[in-house]
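For reference, the structure discussed in these notes is given below.
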Amino acid sequence: MKMLLRTLVAASIVAIPTLASADDFAAAQAFLRNGNPDEALQILDGLSARHPGNVDYELAAGQALARLGRYDEAHDRLQKAIELAPQYEDVWREQHTVLKRLDNPAELAEFRHRAAEQFPAALWWQPDPDELVGDWTLLVGAGVDDLDNGQPGWNNQFVELQFQESESRQYHFRVAREARNRQADTLAGAGLSISGSRWFGGGTLAVASNPDFQARYAVDAHAGRALADGWVASLSARHREYESAAVSGIAANVERYFADYRVAYSLNQSWLDTGSAFASHVLTGNWYYEESSHLGVSFSSGREAEAIGNGRVFETDVRSIAVSGRHELSTRLSLHWWLGMHDQGDLYRRRFIGLAVSIGI
């Protein structure tokens, strides 16, 4: 009997602070609901001191600090809550709201990347439409190509201006100069990309004035759909009109995104206006090591059409390998690079390298 009494007394002693803490937390929540975050925070600070491992107290304290406009402190309390309970979605959602208030685009982008991995079906971590509206980006780049068989090298330069009209619509305008065999062609083009919750598409048109080796005009169009489990399927079509020949083609593309990686395969079917048909294959892999930074490698083989000058187009075997990347230097500045090797049948082996910079304006 004495043992039972001692057990009941001990249990009551343990239960008293637990019940008191529950009452205090209920009072803090009532203060938050009624617009009194100061009073709520005083209670929550005391609760956190007595129970430092309670994620609900840290979440509520972060909410109170945010309502007081003390966003740096709210950020720290919510980060502690995330560390205590990494699967607690309400904490992540509140931290996302605080990060938008702190106006730190780089940290917000990294947080969204982690949130997308943790809660892929959620919508709260996705950018608001007004975050993207009216955003201009300038891309400036150049490349050089070294050819074997004693043939002179090539070079190219380009400027592209991109405008994000809305979350679902982007325009781009491009001017490029390409030089081969002491001749240079200048091209100008424009394009549109659109997207919805799952569907996307777009097209481009490029023209060249009195070209020596480029197409007089080129048209491209594509459309695709995001499927379940990170799969994406799309189709694209293209047409190139040269001085004395024309090339058309379609491509079927399938992609898979998982964790920080992407793998894609394309089957390309092309036709010359003479009736000749041929196909090529492209396999690509990407590693997204940061939200806006990635490395990629691609392989291609099959048969393609190549313009060799004076409006002539040849069908040849091709094999190529290319490595590329984009590295975000800041929220407004990114570095792009690419290099590789391309065998165009028996005509030549081309080694190429290029560099570009994108600037948010």
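So the sequence shown is numbered by the working numbering: it starts at 391 and just counts up by one. C-beta atoms are modelled at their ideal positions from N, C-alpha and C, and glycine is treated no differently.
Counting Cβ pairs closer than 8 Å, one from the segment 699-718 and one from the segment 683-691, do we hit at least three? yes
Can you tell me where the alpha helix (DSSP H) with Tyr447 in it begins and where it stops? 445-457
What residue range does the beta strand (DSSP E) around Leu595 cover? 589-598
Sequence-distant residues of its chain with Cβ nearer than 7 Å to Asp663 (five each side left out): Ala635, Ala636
Alpha carbons only, please: which of Asp650, Asp435, Ala654 is nearest the one belonging to Val644? Ala654
By the three-class DSSP mapping on this structure, what secondary structure does Phe501 have? helix
Quick check: the Cα distance between Ile406 and Arg440, rounded to an integer number of angstroms? Only weak support exists for where Ile406 lies, its pLDDT of 38 falling under 50; the value from the coordinates is given anyway. Rounded to the nearest whole angstrom, the C-alpha separation of Ile406 and Arg440 is 14 Å.
Beta strand (DSSP E) segment containing Ser585, residue limits: 573-585
Own chain partners of Tyr561 with C-beta closer than 6 Å, once the 5 adjacent residues on each side are dropped: Phe553, Leu582
In three-state terms, what does DSSP make of Ala649? coil
Coarse secondary structure for Ile711, derived from DSSP in three states: strand
Along the beta strand (DSSP E) that carries Glu550, what are the first and last residues, could you check? 544-556
What distance in whole Å lies between the Cβ atoms of Leu625 and His612, which are believed to be in contact at a cut-off of 8 Å? 7 Å
Can you tell me which of the three DSSP states Asp733 falls into? strand
Residue span of the beta strand (DSSP E) that contains Thr527, given as start and end: 525-537
Would you check if the distance between the CB atom of Glu555 and the CB atom of Phe509 is smaller than 7 Å? No, the Cβ-Cβ distance between Glu555 and Phe509 is not below 7 Å.
Drop a sphere of 10 angstroms on the beta-carbon of Trp482, count the other beta-carbons inside from all chains shown, and report buried for 16 or more, exposed for fewer. buried
Judging by CA-CA distance, which residue of Asn600, Arg716, Asn676, Ala475 is the nearest neighbour of His726? Taking the Cα of His726 as reference, the smallest distance to any Cα among Asn600, Arg716, Asn676, Ala475 is reached at Arg716.
Roughly how many angstroms lie between the CA atoms of Gly425 and Ala416, to the nearest whole one? 14 Å
Are Gly639 and Arg628 closer than 7 Å when you measure CB to CB? If you check the CB distance, Gly639 and Arg628 come in under 7 Å.
Output needed for Gly543: all residues of its chain with C-beta closer than 8 Å, excluding positions within five of it in sequence on either side, in chain order. Closer than 8 Å at the Cβ level, and outside the excluded window around Gly543, lie Val534, Asp535, Asp536, Leu537.
Per-residue burial, Tyr447 [other beta carbons within 10 Å of its own, 16 or more giving buried]: buried
Which residue's Cα is closest to the Cα of Ala618: Arg740, Trp661, Tyr738, Ala511? Measuring from the Cα of Ala618, the nearest candidate turns out to be Ala511.
On the DSSP letters alone, give me the boundaries of the alpha helix (DSSP H) that Ala439 sits inside. 427-440
Reference Pro601, options Gln477, Ser670, Glu631, Asp575, closest by Cα: Asp575
Using 7 Å as the threshold, is the C-beta distance between Val488 and Ala471 below it? In this structure, Ala471 does not lie closer than 7 Å to Val488 by Cβ.
On the DSSP bridge list, what partners appear for Asp493? None, per the DSSP bridge assignment.
Alpha helix (DSSP H) segment containing Gln541, residue limits: Neither: Gln541 is in no alpha helix (DSSP H) and is coded neither H nor E.
I'd like the span of the alpha helix (DSSP H) that includes Gln469, first residue to last. Looking at the DSSP string, the run of the alpha helix (DSSP H) that includes Gln469 is 461-474.
Please report the Cβ distance between Trp661 and Ala669, rounded to the nearest whole angstrom; I am assuming they are in contact, meaning their Cβ atoms lie under 8 Å. That pair is no contact at about 10 Å.
Any idea what DSSP makes of Gln419, helix, strand or coil? helix
Return helix, strand or coil for Ser411, following the three-state DSSP convention. helix
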